[in-house]
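Everything on this sheet refers to the single structure shown next.
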Amino acid sequence: MKICFCNGKGGVGKTSLSVLVSLALAQAGKDVSFSDRDGQRTASQCLGQIEGTGVTLRESGGDVVIVDTPPNLESDGFLSAVKESDIILLVTSPSPADLWTSIKTAEILNRLKRKDAIIKLLFNRVVAGSRLEKQREFIVEQIGLTPVREVVHQRMAYQMALLEGWAGLSPEAREEIFRIGLAIIA
Ligand SMILES: Nc1ncnc2c1ncn2[C@@H]1O[C@H](COP(=O)(O)OP(=O)(O)O)[C@@H](O)[C@H]1O
Ligand SMILES: [Mg+2]
0 MKICFCNGKG
10 GVGKTSLSVL
20 VSLALAQAGK
30 DVSFSDRDGQ
40 RTASQCLGQI
50 EGTGVTLRES
60 GGDVVIVDTP
70 PNLESDGFLS
80 AVKESDIILL
90 VTSPSPADLW
100 TSIKTAEILN
110 RLKRKDAIIK
120 LLFNRVVAGS
130 RLEKQREFIV
140 EQIGLTPVRE
150 VVHQRMAYQM
160 ALLEGWAGLS
170 PEAREEIFRI
180 GLAIIA
């Protein structure tokens, strides 16, 4: 199974969530490959320096391949990832401004993806208890994309996790990323 994390915008959390989900799936006993298609190589750098992640930097093999993509809808890295993936995650904040951009990205994804591949919105940096968190189902209905049920909240621990890996996460943060991992592969 190949899962890519994408959005035409930078800074939405593609790299953070692709790395975190790969760590969670490895913790859950899966043989995880990570394909870094972003020329900035942030994910490779971070997975390369954390010990014992259980995630292997390689293009294919194992139970699941996680793909991080560049924020450029015309780049080879983005196009190849979308064409190959079984599950395409459109990472976005729940802010309406970002969602409008995501609609455009979703149209492109729909044209490129394999027929049997699925696209899902993955909400990141959700502020716990905020109005946007409570109304996200309604917002999503309006734009007609299916969301992953679970969301990723805004947490400083996720920034440190790119340095420290799974060990740097609190039990609550681990739990949240486990739930996301499960919701994605379910
Ligand atoms: N859920 C989150 N909570 C806190 N910080 C986050 C979260 N997701 C991403 N970030 C931070 O936002 C910035 C951009 O994230 P990144 O994963 O590099 O985005 P992208 O790969 O889409 O450009 C980074 O500094 C990252 O640590
Ligand atoms: Mg990135």
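The numbering of the sequence shown is the numbering used here, which starts it at 0 and goes up by one. All residues carry an ideal CB built from backbone N, CA and C; glycine is no exception. As the structure is a prediction and not an experimental result, all values here were calculated from the model.
- F77 counts as buried, since no fewer than 16 other beta carbons sit within 10 angstroms of its beta carbon.
- Any heavy atom of ligand 2 counts here; residues with a Cβ closer than 5 angstroms to one of them, in chain order, are K13 and T14.
- In its chain, beyond the 5 residues on either side, F4, K13, T14, S17, D35, R36, D37 and A42 have a beta carbon closer than 7 angstroms to the beta carbon of D67.
- For I86, the enclosing beta strand (DSSP E) stretches over residues I86 to T91.
- Inter-segment contact for the stretch 74-89 and the stretch 111-131 is present: three or more beta-carbon pairs are separated by less than 8 angstroms.
- Annotation: L56 is outside any alpha helix (DSSP H); the continuous beta strand (DSSP E) that includes it extends over V54 to L56.
- The straight-line gap separating the alpha-carbon atoms of P93 and K103 is approximately 15 angstroms.
- Apart from sequence neighbours up to five positions away, the residues of its chain that approach I107 with a beta-carbon distance below 6 angstroms are L72, ordered along the chain.
- Excluding sequence positions up to five before and after N6, its CB lies within less than 7 angstroms of the CB of K13, P70, L89, V90, T91, S101 and T104, all in the same chain and listed in chain order.
- Of E149, A172 and H152, the smallest CA-CA separation from A160 is found for A172.
- Sorting E175, I179 and V54 by C-alpha distance to the C-alpha of A156 places E175 at the top.
- The beta carbon of R148 lies closer than 6 angstroms to those of A182 in the same chain, with the five residues before and after it left out.
- Using a 10 angstroms sphere on the CB of F33, the tally of other CB atoms reaches 16 or more, which defines it as buried.
- Annotated three-state conformation of D97 is helix, per DSSP.
- A direct Cα-Cα distance of roughly 13 angstroms separates V150 from V11.
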